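The structure appears right after this line, and notes come after that.
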Amino acid sequence: MIVLCWAIAFIFFGIPPLYCLLTVPGVIGALCLLVYGTFFNKAMEISNMKPSRCWLAELHYRGITEPHDFDIYFHDPPEEQQVTQMRRKIIATVSVKNHRDLHSSAWLFRFGFTKKASIPRLGEALIAHVLDFCKENRFSTIEGVTRECDEDLRDVYTKLGFLMKQIYHKQIIGNSLRIMKAQFGMDLEKWKGYENYPTD
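For the sequence shown, the tail end lands on 202 under our numbering, and the numbers increase by one without skipping.
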């Protein structure tokens, strides 16, 4: 469009052809600067984003049946060579990502437990590990939601220091079926770390 305008100006108004020829590299340079600026802004936005992470809890055991009691290790267990020869099964999972609405805030999601009885112990360990991760990555707050049937998970949130922010109902099938949800939140400045967390 700019080149066309200069061509019309050259034909009808007698503007020197040098000015008309300079518009071509000028337009190319402007497009390059525009593309560079767009990529630079996107790169800065991505670099400022906090990382997302997912954790899995694996159960290592010998024999056919799963044990009722187990020890929890966040890193390599003491007898790592023996562990490689054991059966293994994923028994819990949790994920954390950037909050969609709040700046510098994390969102807990994708909770999964194979056994309801393991929620209190595994839930505390996993969420406490997530809190350590969020504090190391300079999140200021963290939030999560539980359903009405997640009573054990609500107890874990409360025990770790989360506060209930609101209770609401989410519609699933029109007005005929609704599920109650509770939103919990925590200021990470109050979290002193899993090593200082009272387990009893």
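Quick reminder that beta carbons are idealized off the backbone N, C-alpha and C, glycines included.
Predicted, not measured: the structure shown is a model, and the values here were computed from it.
Sequence-distant residues of its chain with Cβ nearer than 7 Å to residue i (five each side left out)
i      : result
Ser142 : Ser106, Ser107 and Leu190
Arg180 : His171, Lys172, Gln173 and Ile174
Selection from the options that minimises the alpha carbon distance to residue i
i      : options                          : result
Leu162 : Glu126, Arg55 and Lys117         : Glu126
Ile169 : Gly187, Asp154 and Leu61         : Gly187
Tyr75  : Val26, His131 and Phe113         : His131
Thr160 : Ile129, Glu68, Arg102 and Gly195 : Ile129
Lys194 : Glu138, Ala45 and Leu165         : Glu138
Glu68  : Ile30, Thr25, Thr116 and Arg149  : Thr116
Ile66  : Ala45, Glu60, Met88 and Met46    : Met88
Leu155 : Asn177, Ser178 and Ala184        : Ala184
Own chain, CB closer than 6 Å to residue i, minus 5 neighbours either side, in chain order
i      : result
Ile10  : none
Gly114 : Thr95
Asp202 : Caution applies to Asp202, whose pLDDT of 46 falls short of 50 and renders its modelled position unreliable; the model cannot decide the point.
Residue i burial status per 10 Å Cβ neighbour count (16 or more: buried)
i      : result
Ala32  : exposed
Gly146 : buried
Ala119 : exposed
Ile92  : exposed
Asp73  : exposed
Ile121 : buried
Val26  : exposed
Leu133 : buried
Thr148 : buried
Val37  : exposed
Inter-residue CB distance, residue i and residue j (contact presumed, cutoff 8 Å)
i      : j      : result
Arg123 : Cys56  : Contact flag wrong, Cβ pair sits at about 20 Å.
Met182 : Glu150 : 4 Å
Ile144 : Leu165 : With 8 Å as the limit, Ile144 and Leu165 do not qualify as a contact, their Cβ atoms being about 11 Å apart.
Contact set for residue i: own chain, Cβ-Cβ below 8 Å, skip 5 residues either direction
i      : result
Phe135 : Arg55 and Val98
Leu58  : Ile92, Ala94 and Thr95
4 or more residues per run - each alpha helix (DSSP H) lying fully within the region 111-170: As far as the region 111-170 is concerned, its whole alpha helix (DSSP H) runs of at least 4 residues are 121-138 and 153-162.
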